[in-house]
Amino acid sequence: FFSINHSCTFTKWTNLQLSSIMTKQASNYFWQRIGVLILFSTLFLGCNTTDKETKTKQVFRYNEHKNIGSLDPAFAKDNADISAVNQLFNGLVQMDSLMNVMPSIASSWQISENAKTYTFKLRKDVYFHTHPLFGTDQTRTVNASDFVYSFNRLKDPKLASPGGWVLQNVESYKAVNEHSFQITLKSPFPAFLALLTMKYCSVVPKEIVNHYGADFRSNPIGTGPYKFKRWEENIKLIFRKNKRYFETDLEGKKLPHMEAVSITFLTDKQSEFLQFVQGNIDYISGLDASYKDDILEADGVLNSRYVSSVKMLRAPYLNTEYLGFYMDSKVPEYQSELIRKAVNYGFDRSKMMKYLRNGIGVPAVGGFVPRGLPGHNEFAGYNYQPEKAKQLLETYRTESGNVQPEINLTTTSNYLSFSEFIQRELQSSGLTVRIEVMPPSALKSAKSNGKTDLFRASWVADYPDAQNYLSLFYSGNFAPNGPNYTHFKDPQFDKWYEQAMLETDQKKRVNLYRKMDALVMEKAPVVVLFYDEVVRFTTKNITGLGINPTNLLDLKNVQKN
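Here our numbering is used: the first residue of the sequence shown is 875, the next is one more, and so on.
Shown next as structure tokens:
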């Protein structure tokens, strides 16, 4: 299955009329892969189209342009890693497409009257993926002590998992018996079950992790619908069907339906789109400037020439796109609240969405918490006021003596058009913006380690509660050991955040969320760009993919007809 996308394709590639499809990026991809194609073509000289079609019907193929950093759930901190890890691992509970908490390895649970103790009853038919280290049977069932080990590992400071913070309100946990696991909280937290759906909380086997150590990232053994087969980093990742998976579909048929998952790593979105149009991958997610006007009309409707071959799925997305200032920067411009507010006022978000996104997404004139979540503050943000931006910049010049302020914005190539739009708009206000483009993996590392002063980023909800977004500004969550990439710190915010974690009254907690959001926007460590929408494009023969507000890729129900 590692070579399934390449079989029977070499002669087709050599006969392609390259001039009609080859952009610079596609050409780079072609020559990068030509050696691989030659190798694999020698293995499949006798194959025919029917053989290829039969094999590809058993494989779901997609591209991950952001690359994948780790297959260890303890490090599943962004959507690329989370989507891959979701195929390999399970936790106690999971989220359905409507953001309801559902059973997974835990078949049921009970919550104590004081809302602090959760007792989970575990299924007895959940097996780890096979591995020789398990002994004669090469597998074993999951038990409560596995969750004790997995939670201990998650919060171990030596591991330095970015997900350790999810257990910060946990007082203790224990294996009551082989099939019962109990968690006690320091204080009630209504969103706790949703928190446990995060991939950080997946169960992992002690004997395998201890054997591989840090290399568990590339030798994952979990319980998920697919099992790890092979990973040639930056080229291809292969998962195979887990035939002992415990879940069934609504008709009682065993999941998953597909035999394999094949993931490629083209970094260029236009090349990814070309692969989709040519039928070499089954799905793309999101909208990129390189192909948005080709696949969509100006009003966001699917272009008529794709109606017969492509399905478009569109839904609200719990994702906030933003620019983040590193508050510990030593450069005066980034330390200045005047500059940060000028950036917020200085560009037209509505025009940006119309021309750069074909109307997909909502201009963010409210706070950081997106629309659709209790706690969203519609009045906390910034609208377009170019004159106010000019006044703020003039005040900065007068107070600082710096007559030519400038800032550097770090982004990826996929968001270069947004950065250039903001650059042009702010230039008219008198602020110079220089743009640096990095590969996604490099930017991820830079923002985690405080190596960039202004960066483009996004935050997708891990669970449907505003606390998830506001955790990005709690001082106890400084990156790289938490999601506070801006290193924002404010005593009043921290006080409200800790108070909200203890508050059981929904109305009071939501009020605290709004106050926190307003405080953050007033201090302006971020520039909120827009609240996104999930957009997925699949070939017509794909069913069961679905769509959800966190854009989590769940492939266990997918079928290819």
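Just so it is clear, CB atoms sit at the ideal spot from N, CA and C, and this is done for glycine as well.
Apart from sequence neighbours up to five positions away, the residues of its chain that approach S1092 with a beta-carbon distance below 7 Å are L945, W1105, ordered along the chain.
Residue state for P977 is assigned as strand, using DSSP reduced to three classes. Collapsing the DSSP output to three states places F1253 in coil.
Secondary structure remark: continuous alpha helix (DSSP H) runs of at least 4 residues inside the stretch 960-1038, in chain order: 1018-1028. Note on geometry: alpha-carbon atoms of T1058 and F1066 lie some 11 Å from one another. In the DSSP annotation of this structure, the continuous segment of the beta strand (DSSP E) that includes E1195 starts and ends at 1184-1199.
Non-local C-beta neighbours of L1028 in its own chain, meaning closer than 8 Å and more than five positions away in sequence, comprise A948, S1035, G1037, G1038, V1040, L1041, Y1074, C1075, ordered along the chain. Look at the stretch 1235-1318 and you find these whole runs of beta strand (DSSP E), each 3 residues long or longer: 1280-1285, 1306-1311. Residue state for F1066 is assigned as helix, using DSSP reduced to three classes. DSSP places V1083 inside the alpha helix (DSSP H), whose first and last residues are 1080-1086. Inter-residue distance for N960 and D1123 is about 17 Å (C-alpha atoms, whole angstroms). Between P1244 and R1223, the CB-CB gap reaches or exceeds 9 Å. Scanning its chain for C-beta atoms nearer than 6 Å, with the 5 sequence neighbours on each side dropped, one finds around T1306 the residues E1280, in chain order. Inter-residue distance for W1370 and N1108 is about 43 Å (C-alpha atoms, whole angstroms).
In the three-state reduction of the DSSP assignment, Q1433 falls in the strand class. Residue environment analysis places I1169 among the buried positions, since at least 16 neighbouring C-beta atoms fall within 10 angstroms of its C-beta. Segment contact: the stretch 1144-1159 against the stretch 1297-1306, fewer than three CB-CB distances shorter than 8 Å; contact not assigned. Non-local beta-carbon contacts of N1422 in its own chain, meaning distances under 6 Å to residues more than five positions away in sequence, involve S971 in chain order. Excluding its 5 nearest sequence neighbours in each direction, N1193 has C-beta neighbours in its own chain below 6 Å: S1332, V1334, D1406, listed in chain order. Fewer than three beta-carbon pairs drawn from the stretch 1042-1049 and the stretch 1124-1138 are found closer than 8 Å, and the two stretches are therefore not classed as touching.
Per DSSP, the unbroken alpha helix (DSSP H) holding K1369 starts and ends at 1365-1376. Comparing alpha carbon positions, the residue from M1390, A958, L1376 closest to F1139 is A958.
Rounded to whole angstroms, the gap between the alpha carbons of S1061 and M1375 is 8 Å. Under the DSSP assignment, I1213 falls in the alpha helix (DSSP H) whose first and last residues are 1211-1219.
By the neighbour-count definition (other C-beta atoms within 10 Å, threshold 16), K1204 is an exposed residue.
The three-state secondary structure of K1382, taken from DSSP, is helix. Annotation for T1004: Q1012, T1013, K1101 place their beta carbon closer than 8 Å to its own, counting only its chain and skipping 5 residues before and after. Per DSSP, reduced to three states, the secondary structure at Q1056 is strand. Between E1294 and I1309, the alpha-carbon positions lie close to 8 Å from each other.
Bounds of the alpha helix (DSSP H) holding V1151 are 1143-1151. Inter-segment contact for the stretch 1251-1258 and the stretch 1380-1391 is present: three or more beta-carbon pairs are separated by less than 8 Å. In the three-state scheme derived from DSSP, where H, G and I count as helix and E and B as strand, D1173 is classed as coil. In the three-state reduction of the DSSP assignment, K1414 falls in the coil class, being assigned neither a helical nor a strand state.
E1146 is classed as buried because its beta carbon has at least 16 other beta carbons within 10 Å across all chains shown.
In the DSSP assignment, L1111 falls outside any alpha helix (DSSP H) and within the unbroken beta strand (DSSP E) covering 1110-1115.
Counted as a single uninterrupted DSSP element, the alpha helix (DSSP H) harbouring L1344 occupies residues 1341-1344.
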